[in-house]
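J.:
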Amino acid sequence: MKESDVLRCQIQEWYPRFRTHSIRTQVVQLPEEFVSFLLEDGIFLPADSDAMPSRTRVDMPQLQAEDYSHWEEEDDESGVPAVPTFPELAAEVQTAIESLGGTVVPKLNWSAPKDTAWIATTGSMRCQNFGEVSLLLKASDNVVHDLCHAFDSCDDKSMERPFQVVLALRKWYDLRPELEFRGFVRGNLLVGVCQREVTGFYETLLGREEELSDLILDFFLDNLKEEFGGGDYTFDVYVTKDKKVKLIDFNTWRGSTLPLLFTWDELEERFSEAGTLGTALNPDFDFRIVTSEGLVQLGLRVGTGVPIDFVNQGAWEDIIKREAEREAREMGGGRAGA
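As structure tokens, this is what we get:
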């Protein structure tokens, strides 16, 4: 995989060309100060954030006024750094949110903060203001991946982070997870399609395999095969109830992208057989769904919030290592302060 393969999957690169086939999106360039804020340790929000319910001071008549004032003085001298504010960015984001109907899903160049949806008051990535967007981004490991590790799998790696960091605000729709699919493209041929949400069994998909397969193949041939520039990549789409296909995202071939119901070796083998399979336009390909409860793949995110696209051996080992190091630091700090 080359850096160019990663760069072309950035939403600000592909969305302008495919906007008529995708979800309405507004792209905001992020200032360096906000990017630095996202990478700082700890989860705290901009000072003017309205992501969480505001706290009110409880009257405590039993406390003497001078005692309460003394507590406030101690707090002022605690050395806690000032919480930053981003009024211009907040205004730009709020304007974009309102232009999209008042409710959006945020993502950076490549990734959405799916891993932190649990932390939001809505329990989802649905956001209505800058504070809610900041909360999801600030707590997300997906965001850290975009900012620090997007090029780690590149053979020609020379970049540590993208030239430009953007916030893409996408109009919120209550999508049915069973109708999102991932297509795998190798050598500009569609070699496989499967259900995107593999942590659940959806009986409504049974018997629709041929219909859905044909819809996605037609969409690929009509809109992606020539327009995206060929090569190797994956794409995510959503099939609406009126049988229209909407483009959700592009991702790299391999790298941090999961093959879901396939293995990469299976997909490579399918490509090697492409010369003897199917039509001149595209070879026959496998279309896979979860066909029973027993075949559900329970991702780690079900129990821990770790996103499914990071569930591979190397990434999981890194997560365990970082968690062990964090616990060791905390224990060391506790002993020192005892």
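Counted the way our numbering counts, the sequence shown spans residues 37 to 374. Ideal Cβ positions, reconstructed from N, Cα and C, are used throughout, including at glycine.
1) K143 CB to nearest chain D CB: under 8 Å?
2) Name the DSSP bridge partner or partners of G219?
3) Quick test of your reading: L251 and V281, contact by CB under 8 Å. State the CB separation rounded to the nearest angstrom.
4) On the CB-based measure, 16 or more other CB atoms within 10 Å of its CB, does T276 come out buried or exposed?
5) Does the Cβ of R212 lie closer than 7 Å to at least one heavy atom of the ligand COA?
6) What does the Cβ neighbour count give for Q231, buried or exposed, with the cut at 16 atoms within 10 Å?
7) Please list, in chain order, all residues of the same chain as F220 whose beta carbon is under 6 Å from its beta carbon, the five residues on each side excluded.
8) Determine the direct distance from the alpha carbon of F166 to that of A127, and round the result to whole angstroms.
9) Taking the continuous beta strand (DSSP E) assigned at F323, which residues delimit it?
10) Should M161 and A148 be called a contact, given that it needs their Cβ atoms to be closer than 8 Å?
11) Around the Cβ of L66, are there at least 16 other Cβ atoms within 10 angstroms (buried) or fewer (exposed)?
12) Going by DSSP, what residue range makes up the beta strand (DSSP E) through F255?
13) My understanding is that R206 touches V140, with C-beta atoms under 8 Å, so please give their C-beta distance in whole angstroms.
14) N145 and V202 - do their beta-carbons sit closer together than 8 Å?
15) Taking three-plus beta-carbon pairs below 8 Å as touching, is the stretch 254-267 in contact with the stretch 234-244?
16) Decide if S292 is buried, meaning its Cβ has at least 16 other Cβ atoms within 10 Å, or exposed.
17) So for C163, helix, strand or coil by DSSP?
18) Indicate the three-state DSSP secondary structure (helix, strand or coil) for L74 in the structure shown.
19) Tell me, please, which residues DSSP counts as bridged to D285.
20) Straight-line CA distance for D254 to K261?
21) First and last residue of the alpha helix (DSSP H) that includes Q48?
22) Quick check on S170: buried or exposed, where buried means 16 or more other Cβ atoms within 10 Å of its Cβ?
23) Tell me which same chain residues have a C-beta within less than 8 Å of the C-beta of E263, skipping the five on either side of it?
24) Determine the closest residue to N259 out of V273, L248 and G137, with distance taken between C-alpha atoms.
25) Hey, which unbroken runs of the beta strand (DSSP E) at 3 residues or more fall wholly within the stretch 120-151?
26) For S189, I'd like the list of residues in its chain whose CB is within less than 6 Å of its CB, leaving aside the five on either flank, ordered along the chain.
27) By DSSP, does K174 sit in helix, in strand, or in coil?
28) Alpha carbon to alpha carbon, how far is L283 from D320?
29) From E216 to D182, what distance separates their C-alpha atoms?
30) Hey, would you say F199 sits closer than 8 Å to E39, going by beta carbons?
T.: Taking the definition as stated:
1) The question asks about chain D, but that chain is absent: this structure has only one protein chain.
2) For this step, residue 219 is matched to residue 183 along the sequence shown. V229 and F271.
3) On the sequence shown, position 215 is the one that residue 251 refers to. On the sequence shown, position 245 is the one that residue 281 refers to. With 8 Å as the limit, L251 and V281 qualify as a contact, their Cβ atoms being about 6 Å apart.
4) Residue 276 sits at position 240 when you count from the first residue of the sequence shown. Burial call: exposed.
5) With respect to small molecules bound, the structure shown includes none, and the ligand COA cannot be examined in it.
6) Taking the first residue of the sequence shown as 1, we reach residue 231 at position 195. Classification of Q231: buried, given that the 10 Å Cβ count is 16 or more.
7) For this step, residue 220 is matched to residue 184 along the sequence shown. Within the same chain, F220 has close Cβ partners V227, G228, T270 and L303.
8) Position 91 of the sequence shown, counted from the start, is the residue given in the question as residue 127. Position 130 of the sequence shown, counted from the start, is the residue given in the question as residue 166. Cα-Cα distance, rounded: 8 Å.
9) Here residue 323 refers to the residue found at position 287 of the sequence shown. Residues D322 to R324.
10) Mapped onto the sequence shown, residue 161 falls at position 125. Mapped onto the sequence shown, residue 148 falls at position 112. Yes. Within cutoff.
11) Counted from its first residue, the sequence shown places residue 66 at position 30. Label assigned to L66: buried.
12) For the purposes of this step, residue 255 is taken as the residue at position 219 of the sequence shown. No beta strand (DSSP E) contains F255, which is instead part of the alpha helix (DSSP H) from E245 to F255.
13) The residue labelled residue 206 in the question sits at position 170 within the sequence shown. The residue labelled residue 140 in the question sits at position 104 within the sequence shown. Their Cβ separation, rounded to whole angstroms, is 6 Å, which keeps R206 and V140 in contact under 8 Å.
14) Locating residue 202 in the sequence shown gives position 166, counting from the first residue. Locating residue 145 in the sequence shown gives position 109, counting from the first residue. Yes; because the gap between Cβ atoms is below 8 Å, this pair is in contact.
15) no
16) Your numbering for residue 292 matches position 256 in the sequence shown. Burial call: buried.
17) Position 127 of the sequence shown, counted from the first residue, corresponds to residue 163. Here C163 sits in strand by DSSP.
18) By one-based count along the sequence shown, residue 74 stands at place 38. If DSSP states are grouped into helix, strand and coil, L74 belongs with the helices.
19) Counted from its first residue, the sequence shown places residue 285 at position 249. D285 pairs with D272.
20) Position 218 of the sequence shown holds residue 254. Position 225 of the sequence shown holds residue 261. The alpha-carbon atoms of D254 and K261 are separated by roughly 10 Å.
21) The residue you call residue 48 lines up with position 12 of the sequence shown. From DSSP, the alpha helix (DSSP H) with Q48 extends over I47 to F54.
22) Within the sequence shown, the letter at position 134 stands for residue 170. S170 comes out buried.
23) Along the sequence shown, one-based indexing puts residue 263 at 227. Correct list, in chain order: R53 and F54.
24) By 1-based counting over the sequence shown, the position of residue 259 is 223. For the residues V273, L248 and G137, the minimum Cα distance to N259 belongs to V273.
25) 140-143
26) As a position in the sequence shown, residue 189 is number 153, starting the count at 1. Counting only Cβ-Cβ distances below 6 Å, and skipping sequence neighbours, we find M37 and G291.
27) Taking the sequence shown and counting its residues from 1, the one referred to as residue 174 is at position 138. Of the three classes helix, strand and coil, the one that applies to K174 here is helix, per DSSP.
28) Residue numbering aside, residue 283 sits at position 247 when the sequence shown is read from its first letter. Residue numbering aside, residue 320 sits at position 284 when the sequence shown is read from its first letter. C-alpha separation (whole angstroms): 22 Å.
29) In the sequence shown, counting from the first residue as 1, residue 216 sits at position 180. In the sequence shown, counting from the first residue as 1, residue 182 sits at position 146. Their backbone Cα atoms lie some 23 Å apart in a straight line.
30) By 1-based counting over the sequence shown, the position of residue 199 is 163. By 1-based counting over the sequence shown, the position of residue 39 is 3. Not in contact: F199 and E39 (Cβ atoms no closer than 8 Å).
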